[in-house]
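Asks: Submitted below is the structure of interest, expressed as structure tokens.
Residue numbers (my numbering), protein chains in the order written: chain A, 5 to 302; chain B, 74 to 346.
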């Protein structure tokens with residue numbers, strides 16, 4: 005299939021289930037809420053390195069948040085509920101709690117929960133207290149600018165991770181521009197994140213390596229400088245390849261985000277759009293590029 | 074389905090509905106409802122002797138009490154589900170020990186409203202007497218859960234011994250509100266009576282205004298508290314008239330009662346000297 009002269013491979017992205025949580029961070033100003041959210045999602049780029057992928061969600065108006073202050077939603081994904089709970093504890097405790105004026109609320113109702121507040125309350129050293137309202141328990145931890153309020157439990161639902169797009173082109177600046185436009189479109193899809201820096205990854209990886217202790221390594225098949233040395237996946241005129249990894253609250257959300265990302269990437273300088281998979285052996289969700297463009301028209 | 078029980082006026086004797094579970098009544102046909110036992114002045118009678126029973130379909134499933142409801146005591150006692158609406162004033166112990174469901178009174182309520190309440194929601198669109206949401210005499214814990222809202226004023230010792238839950242008084246409260254409070258939250262949109270929070274151990278008392286607090290309370294400055302914003306949003310959703318001033322400035326915070334633990338707090342928007 006070609007669109008605006010760009011080849012779209014007849015292939016699919018292979019996605020798999022991931023545990024997901026959604027946090028609503030509030031603060032006295034949108035800037036402070038964003039600051040806390042950025043800190044909480046820091047270095048959560050890829051589960052390969054840190055077992056957590058996270059990104060910013062919607063900006064929330066005061067009337068959309070539990071405490072009536074400006075808010076910022078974030079989404080966090082991990083490969084297991086246990087690992088996600090570990091990251092929620094670390095990231096709420098290490099990033100959101102110290103952020104000025106912040107509070108942290110659960111933004112996802114799910115059967116499985118992580119009892120983060122129940123553990124973090126001990127930071128209050130005996131001065132913590134709790135409130136219960138409408139079936140939710142809030143912990144109040146005294147801090148130097150007032151109190152840090154967080155919930156006893158945070159929902160952990162089943163999301164979908166590993167959606168991806170690979171954008172190839174002849175001019176690095178043009179391909180990057182297209183990839184960044186795709187990242188913006190993905191970010192604008194409610195419930196989806198692109199966890200890499202700016203949403204764009206320049207280092208597609210493959211599992212394993214020739215070195216025994218290295219779990220993942222560069223995917224040489226997509227490196228333009230190696231076209232003459234390896235079994236490459238790219239044509240000689242391709243000079244840059246950028247990947248977008250997409251996680252979402254559901255298969256539909258990831259599919260919608262991928263379709264929006266592809267459309268945004270239909271720009272001059274882009275030669276081809278493809279997606280990565282493992283031959284359908286690993287993930288139960290197969291997101292076919294051609295079908296996505298049909299199912300989710302722009 | 075809606076079942077209406079109209080109490081026919083046959084004197085001033087109290088009619089105890091403590092044995093009448095709204096969910097059970099709603100599950101029975103009229104003939105069986107009329108055979109249920111109620112206590113009139115402590116003596117058992119068939120319900121049909123004192124109430125006119127009517128049934129109608131559609132709308133919300135609810136049991137409605139009307140007629141001479143001011144003689145009714147213990148309506149909704151230990152109710153754990155369904156909805157009970159009382160149209161008119163009602164006597165003492167309404168909603169006592171209720172653990173679930175919804176009880177709404179379109180009138181005033183007597184003493185001991187929601188005493189030892191453990192869950193559900195109870196709302197009175199009027200005033201109530203003493204010991205609203207309080208502890209049973211001789212017991213150690215008052216309310217242990219649920220939401221109790223009084224749109225008018227309450228008498229003395231509201232929320233005494235409260236352990237958990239939310240008590241909201243849209244008007245003024247009588248003396249010794251929250252005496253012996255163990256935890257939980259009491260919000261009085263009007264003026265707090267004297268002696269509030271005496272020997273409270275933990276929990277929060279929030280009020281629009283108050284006279285001087287007891288000596289066991291120490292000032293802790295102004296407090297802009299996020300948890301209070303969450304509660305105020307809840308009050309807004311319930312249609313309560315939260316003063317605009319409450320949104321604009323933080324209340325003064327006092328900790329206490331330092332005669333006991335000092336872990337409780339009283340938040341007051343205005344101290345009247």
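Ideal Cβ positions, reconstructed from N, Cα and C, are used throughout, including at glycine.
Cβ closer than 7 Å: which chain A residues qualify as neighbours of residue 299/B?
Replies: Residues of chain A passing the Cβ test: 71, 107, 151, 153.
Asks: Please go through the region 215 to 275 of chain A and give each complete beta strand (DSSP E) segment of 3 or more residues, from N-terminal end onward.
Replies: Runs of the beta strand (DSSP E) inside the region 215 to 275 of chain A: 220 to 222, 244 to 252.
Asks: For the region 231 to 244 of chain B, which residues have a CB atom closer than 8 Å to at least one CB atom of chain A, in sequence order?
Replies: Result list: 237, 238, 239.
Asks: Whose CA, out of 105/A, 229/A, 262/A, lies closest to the CA of residue 149/A?
Replies: Of the listed residues, the one whose Cα sits closest to residue 149/A is 105/A.
Asks: Give a yes or no on whether the minimum CB-CB distance between residue 169/A and chain B is below 8 Å.
Replies: So no, residue 169/A is outside the interface.
Asks: Taking residue 203/B as the reference, which of 191/B, 184/B, 197/B, 150/B has the closest Cα?
Replies: Checked all of 191/B, 184/B, 197/B, 150/B; the closest Cα to residue 203/B is 184/B.
Asks: For residue 121/A, which three-state DSSP category applies?
Replies: Residue 121/A falls in the helix class under three-state DSSP.
Asks: So, are the CB atoms of residue 216/B and residue 228/B less than 8 Å apart?
Replies: Result no, Cβ atoms of residue 216/B and residue 228/B do not sit closer than 8 Å.
Asks: Would you mind sorting residue 341/B into buried or exposed? The rule is 16 or more other CB atoms within 10 Å of its CB.
Replies: Buried, by the Cβ-count rule.
Asks: Using a Cβ cut-off of 8 Å (strictly closer), state whether residue 304/B contacts chain A.
Replies: Closer than 8 Å: yes.
Asks: I need the boundaries of the beta strand (DSSP E) containing residue 210/A, first residue and last residue.
Replies: Residue 210/A -> beta strand (DSSP E) spans 209 to 211.
Asks: For the beta strand (DSSP E) holding residue 160/B, just list the boundary residues, first then last.
Replies: It spans 156 to 160 - the beta strand (DSSP E) in which residue 160/B sits, taken as one unbroken run.
Asks: Could you give the distance in angstroms between the alpha-carbon of residue 47/A and the alpha-carbon of residue 273/A?
Replies: Taking the straight line from one Cα to the other gives about 31 Å.
Asks: Using 8 Å as the threshold, is the C-beta distance between residue 178/B and residue 164/B below it?
Replies: No; because the gap between Cβ atoms is not below 8 Å, this pair is not in contact.
Asks: Are the Cβ atoms of residue 75/A and residue 302/B separated by less than 8 Å?
Replies: Cβ distance not < 8 Å, so residue 75/A and residue 302/B don't count as in contact.
Asks: Taking 8 Å as the CB-CB cut-off, is residue 136/A touching chain B?
Replies: Yes, its Cβ sits closer than 8 Å to a Cβ of chain B.
Asks: Quick check: residue 88/B and residue 126/B, are their CB atoms within less than 8 Å of each other?
Replies: The answer is no: Cβ separation not under 8 Å.
Asks: Does the count of Cβ pairs from the region 21 to 32 of chain A and the region 168 to 183 of chain A closer than 8 Å reach three?
Replies: Result no; under three Cβ-Cβ pairs closer than 8 Å.
Asks: Since residue 278/A contacts residue 190/A with CB under 8 Å, what's their CB separation in whole angstroms?
Replies: Not confirmed; about 16 Å, so no contact.
Asks: Should residue 135/A be labelled buried (16 or more other beta-carbon atoms within 10 Å of its own) or exposed?
Replies: Buried, since its Cβ has 16 or more Cβ neighbours within 10 Å.
Asks: State yes or no: is the beta carbon of residue 33/A nearer than 8 Å to at least one beta carbon in chain B?
Replies: Output row for residue 33/A: interface = no.
Asks: Does DSSP put residue 143/A in a helix, a strand or coil?
Replies: Strand, per DSSP.
Asks: Would a check of beta-carbon distances place residue 144/A closer than 8 Å to chain B?
Replies: Residue 144/A counts as touching chain B.
Asks: Which residues of chain A have a Cβ atom closer than 8 Å to the Cβ of residue 275/B, listed in chain order?
Replies: Residues of chain A passing the Cβ test: 133.
Asks: In chain order, what residues of the same chain have a beta carbon less than 6 Å from the beta carbon of residue 304/A, not counting five sequence neighbours either side?
Replies: Nothing in the structure corresponds to residue 304/A, since chain A is present only between 5 and 302.
Asks: Quick one: Cα of residue 236/B to Cα of residue 186/A, how far?
Replies: The straight-line gap from Cα to Cα measures roughly 54 Å.
Asks: What residue from 300/A, 63/A, 164/A, 7/A has the CA that sits closest to residue 111/A's CA?
Replies: Minimum Cα distance to residue 111/A is reached at 63/A.
Asks: Would you kindly work out how many angstroms separate the C-alpha atoms of residue 214/B and residue 120/A, rounded to a whole number?
Replies: When rounded, the distance between both Cα atoms is 29 Å.
Asks: Please report how far the alpha carbon of residue 59/A lies from the alpha carbon of residue 160/B, in whole angstroms.
Replies: If I take the Cα positions, the gap works out to 53 Å.
Asks: Rounded to whole angstroms, how far is the Cβ of residue 339/B from the Cβ of residue 270/B, which I believe are closer than 8 Å?
Replies: Contact flag correct, Cβ pair sits at about 5 Å.
Asks: Going by the DSSP bridge assignment, what does residue 106/B pair with across the sheet?
Replies: According to DSSP, residue 106/B bridges with nothing at all.
Asks: Tell me the rounded alpha-carbon separation between residue 134/B and residue 77/B.
Replies: Taking the straight line from one Cα to the other gives about 11 Å.
Asks: Would you verify that the beta carbon of residue 307/B is, or is not, closer than 8 Å to some beta carbon of chain A?
Replies: Yes, residue 307/B counts as interfacial toward chain A.
Asks: Could you check the C-alpha separation between residue 144/B and residue 82/B for me, to the nearest Å?
Replies: Looking at the two C-alpha atoms, the distance is approximately 9 Å.
Asks: For residue 174/B, which of 189/B, 154/B, 180/B has the nearest alpha-carbon?
Replies: Nearest option by C-alpha distance: 154/B.
Asks: If you measure between the beta carbons of residue 111/B and residue 120/B, is that distance less than 8 Å?
Replies: Going by C-beta atoms, residue 111/B is nearer than 8 Å to residue 120/B.
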